[in-house]
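One structure is given below, encoded as structure tokens.
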Amino acid sequence: MDGANHSVVSEFVFLGLTNSWGIQLFLFVFSSMFYAASITGNSIIVFTVASETQLHSPMYFLLANLSLIDLGVSSVTSPKMIYDLFRKRKVISFRGCITQIFFIHVIGGVEVVLLIAMAYDRYVAICKPLHYLTIMRPRMCIFFLVAAWVVGLTHSLVQLAFVVKLPFCGPNELDSFYCDLPQFIRLACTDTYRLELMVTANSGFISVGSFFILIISYVVIILTVHKHSSAGSSKALSTLSAHITVVVLFFGPLIFIYVQPFSSTHLDKFLAIFDALVTPFLNPVIYTLRNQEMKVAMRKVCRQLVSYGKIS
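If you want my numbering, it's the 1-based position in the sequence shown plus 815.
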């Protein structure tokens, strides 16, 4: 954080999404609804998996952790964006900006590893069913979780180590509604060409590489499912389609934003809103709509919560 001592700039001003009052009102209603829905949906999934013993399996353990991360995705940028919508001057301190960047990339790194772990879990369940409980034992699940946080923290800290001491002399306007490395680096009053390449390599290529690894993995799993015409094939394909949909929703905006991070367009803002609000809301919807076991368990938990509320 010492970088602030060498900079004239102590705060950054967001230009926001629009100056139109009507569009701001629409965005306020839209963002508030999706934020509340994503928080509620992901919280219910975490609570359901924790409380229902029939869901104490590796697949649901990883799903609950993905929902926990989606709670973070929703909360890092969305509350401030909603709060700033009707403010004339949308500001964030230097430390606040650095903190936001840190959590965005930690959460992003953790989610990438969790999605890879979920793909591996489905591969073992479908391609090696007889060895599933041996391979996906609790120790393996904990390993995936620890690895996810180590990767996320390392990914974020490595990038911040290079940019936190950059000097900022002005201007201090970010053409966005949140802080992220591409816009942040662009405002530094020094040559940042190498840093731009580092961000592209670290975030952009990792996103593209992980996306293609996951898609290839699911193609292999789907081909394996098609070879076995059994009663469980349709259920497996339904689960896989849900996983693939989540992967595409997560990586699509990331690839667009980070592969060419310094050629900013208005589409970047739309994709950032989609990634921060819509994707965390759709993830629980996709997983619950395609999973009968989860739907039954969630209905049971919701009935218990309603009953408890009436008694109270």
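Positions of the beta carbon are idealized from the N, C-alpha and C atoms, including for glycine.
Everything numeric in this text was worked out from a predicted model, so none of it was measured.
Residue state for S908 is assigned as strand, using DSSP reduced to three classes. A straight-line Cα-Cα distance of about 15 Å links T892 and D1083.
It is roughly 44 Å from the alpha-carbon of Y938 to the alpha-carbon of F829. Unbroken alpha helix (DSSP H) stretches of 4 residues or longer found wholly inside the segment 885 to 954: 909 to 942 and 947 to 950, given in chain order.
For the alpha helix (DSSP H) assignment, the uninterrupted runs of no fewer than 4 residues enclosed by the segment 966 to 1029 are, from N- to C-terminal side, 996 to 1001 and 1008 to 1014. With respect to the 8 Å criterion, Y993 and Q869 are not classified as neighbours on the basis of their beta carbons. According to the DSSP assignment, F827 belongs to the beta strand (DSSP E) that extends over E826 to F829. Secondary structure of H871 (DSSP, three-state): coil.
Straight across, the Cα-Cα distance linking K1115 with F862 is about 12 Å. When the Cα atoms are used, T1054 and F1089 turn out to be separated by approximately 23 Å. Note that the C-beta distance between I941 and I1036 is below 8 Å. With fewer than 16 other beta carbons inside 10 angstroms of its own, V965 counts as exposed. At a Cβ-Cβ threshold of 8 Å, F1065 and L930 count as neighbours. Put simply, of V1111, I1070 and A852 the residue whose alpha carbon is nearest the alpha carbon of T1015 is I1070.
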